[in-house]
Amino acid sequence: MTLQRTIKKHVTLSGIGVHTGRVINLRIKPHTPNKGIVFRRIDLTHTPEVPAKYSYVVNTQFATTLGIGKVTISTVEHLLAAMHGLGIDNAIIELDGPEIPILDGSAYEFCKVLLTAGVEIQSDLRQELILKRPIELKIAEKWACAWPSPRFIIDASVEWDHQMIGYQSFKY
Numbered sequence: 041m042t043l044q045r046t047i048k049k050h051v052t053l054s055g056i057g058v059h060t061g062r063v064i065n066l067r068i069k070p071h072t073p074n075k076g077i078v079f080r081r082i083d084l085t086h087t088p089e090v091p092a093k094y095s096y097v098v099n100t101q102f103a104t105t106l107g108i109g110k111v112t113i114s115t116v117e118h119l120l121a122a123m124h125g126l127g128i129d130n131a132i133i134e135l136d137g138p139e140i141p142i143l144d145g146s147a148y149e150f151c152k153v154l155l156t157a158g159v160e161i162q163s164d165l166r167q168e169l170i171l172k173r174p175i176e177l178k179i180a181e182k183w184a185c186a187w188p189s190p191r192f193i194i195d196a197s198v199e200w201d202h203q204m205i206g207y208q209s210f211k212y
């Protein structure tokens with residue numbers, strides 16, 4: 041078992057929202073153990089919060105959008121990938137608009153900023169998902185499977201009837 045992590049100090053960044061074309065300002069702050077990653081819309085009355093949990097996904101067309109009621113945050117995937125890659129479990133992400141800036145279109149710029157904040161080990165154990173049996177999800181011609189394993193492995197492939205894509209695979 042490993043301990044939870046947050047950032048040591050707050051960091052800020054700004055960039056253009058790919059869908060709105062607006063400048064969006066972010067402040068990423070440390071958060072207490074067991075709170076997870078939480079988005080806070082500081083541009084709205086009462087600064088509503090939306091947890092970064094799969095149960096709050098409201099749309100996945102062109103971007104991953106989290107939401108509660110009319111409060112949404114779009115294009116969260118690159119920032120959340122950076123946080124996951126750095127092992128950050130708890131953080132507050134304040135933003136003054138409806139989406140995360142696109143920056144360079146990857147998680148790289150988010151990683152650079154988060155690394156300047158530093159990572160702080162917290163006192164509580166990380167809650168880890170442990171698969172006890174295979175899981176399979178199918179929607180039309182799309183599918184995903186997960187099997188129990190002693191270590192993290194990704195084996196992915198895609199096949200499209202298009203000359204630019206064709207068949208591609210990736211193993212990690």
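Heads up: the sequence shown begins at 41 in the working numbering, then just goes up one per residue.
A virtual CB, placed ideally from N, CA and C, is assigned to each residue, including glycine.
Going by DSSP, what residue range makes up the alpha helix (DSSP H) through residue i?
i: Lys152; result: 148 to 157
Kindly indicate the opening and closing residues of the beta strand (DSSP E) around residue i.
i: Ala121; result: Careful: Ala121 lies outside any beta strand (DSSP E), inside the alpha helix (DSSP H) at 117 to 125.
i: Glu199; result: 195 to 199
i: Arg166; result: Run containing Arg166: none; DSSP gives neither H nor E here.
i: Pro91; result: 89 to 91
i: Thr72; result: Segment: none, Thr72 is in no beta strand (DSSP E) and carries neither H nor E.
For a test of the three-state rule: what should DSSP assign to residue i, helix, strand or coil?
i: Tyr207; result: strand
i: Ser189; result: coil
Since residue i sits in a beta bridge, which residues does DSSP pair it with?
i: Trp183; result: Lys178
i: Leu135; result: Leu66, Arg81
i: Ile161; result: Arg45
i: Thr105; result: Asn99, Ser114
i: Ile56; result: Val63
Under 8 Å between the Cβ atoms of residue i and residue j?
i: Pro70; j: Lys93; result: no
i: Phe150; j: His118; result: yes
i: Ile140; j: Leu84; result: no
i: Ala186; j: Leu171; result: yes
i: Val90; j: Ile68; result: no
i: Val159; j: Gly125; result: no
i: Thr46; j: Ala122; result: no
Candidates the options: which alpha carbon is nearest residue i's?
i: Gly33; options: Ile142, Ala196, Ala122; result: No information on residue 33 is available, as it lies outside the stretch 41 to 212 that the chain covers here.
i: Arg62; options: His202, Gly137, Met204, Phe102; result: Gly137
i: Leu53; options: Thr72, Thr156, Thr104, Pro174; result: Thr156
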